[in-house]
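Numbering of the sequence shown is given in UniProt numbering, commencing with residue 1 and proceeding in unit increments. Just so you know, even glycine gets a beta-carbon here, dropped at the ideal spot from N, CA and C. Note that the structure is a prediction, hence the values are computed from the model and not measured. Below you'll find the structure, written out as structure tokens, and then a few comments.
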Amino acid sequence: MGNSVYQVNKGINRSIEFKGLKAQYIWYLGGGVVGLLIVFAIMYIIGLPTLVCIGVILGSGTLLVMKIYRMSHQYGEHGLMKTLARKQVPKAIRSRSRRAFLKR
């Protein structure tokens with residue numbers, strides 16, 4: 001028992017990263033790809049030519065990937081959530097009576 005060897009996992013509390021995408025941006029990209037797949041299916045069922053469908057989806061997919069990578073690098077792991085939360089905070093709180101400040 002004295003010669004036991006244990007491997008230490010050094011990335012235990014780190015967030016997920018895949019090819020430069022961090023944390024929730026991986027899910028955003030996955031959702032976007034699924035959305036593009038559904039749009040392709042709808043366009044194909046409607047009867048648009050296949051090359052038009054592929055061209056639209058490739059262009060949209062390229063824009064989607066560029067936008068998500070830009071957001072990942074600009075905001076980082078938690079920055080987008082912080083930015084969205086900051087927009088929810090009111091600029092001023094108005095009270096028309098003193099009742100909130102009086103002891104009961």
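For the pair residue 60 and residue 36, the CB atoms are nearer than the 7 Å cut-off. Under the three-state reduction of DSSP, residue 21 is assigned to strand.
Within a 10 Å sphere around the beta-carbon of residue 21 sit 16 or more other beta-carbons, which makes this residue buried.
The C-beta distance from residue 56 to residue 43 rounds to 7 Å, short enough to fall under 8 Å. Between residue 64 and residue 32, the C-beta gap is smaller than 7 Å, which places the two residues in contact.
Under the three-pair Cβ rule at 8 Å, the segment 70 to 82 counts as touching the segment 10 to 24.
Counting along the chain, residue 59 sits inside the alpha helix (DSSP H) bounded by residues 50 to 75.
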